[in-house]
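Novice: Attaching a single structure in C-alpha cells format; questions to follow.
Numbering (this note's numbering), first residue to last: 910 to 998.
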C-alpha cells in the first residue's frame with residue numbers, strides 16, 4: 910500500500926496515539942485465536958475473569974471477529990462484532 914511512513918502527508922500510522930495495532934495489506938493475513946461462543950455470548954474455554962479490554966478473537970459459532978470492549982465509557986463490557994471497515998481501500 911506504500912502509504913505508511915514519515916514521508917507521507919498523513920504520517921499514518923505514526924499519528925495514532927496509545928495502544929494501536931495498525932495492520933494493512935492486500936496480500937497478507939492475520940490468524941486470530943478461533944473459539945466457539947456459548948449461548949450467553951461468551952467464548953468457550955476462556956474464563957470471564959481473564960477477559961481483557963481489547964481482546965480479539967474469531968467466533969467460530971457465529972463466523973465473525975469479536976472484540977471485548979465497552980460502548981458506555983467503561984460501565985459495562987461485552988463481546989462486540991467487528992463488521993464495518995474503517996480504513997480506506
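Ideal placement from N, C-alpha and C gives every residue a C-beta, glycine not left out. Here the structure is a predicted model, which is why all the values come from computation and not from measurement.
Cα separation between residue 935 and residue 988?
Specialist: C-alpha separation (whole angstroms): 27 Å.
Novice: Is residue 958 helix, strand or coil when you go by DSSP?
Specialist: In this structure, residue 958 counts as helix in the three-state DSSP scheme.
Novice: Write down the C-beta distance between residue 943 and residue 969 rounded to the nearest angstrom, noting that I regard them as a contact closer than 8 Å.
Specialist: Indeed, because the Cβ distance is near 5 Å, the residues count as touching under 8 Å.
Novice: Excluding the 5 residues preceding and the 5 following residue 950 in the sequence, name in chain order all residues of the same chain whose CB lies nearer than 8 Å to its CB.
Specialist: 987 and 988, listed in sequence order.
Novice: Could you tell me the boundaries of the beta strand (DSSP E) in which residue 977 lies?
Specialist: Unbroken beta strand (DSSP E) run through residue 977: 973-978.
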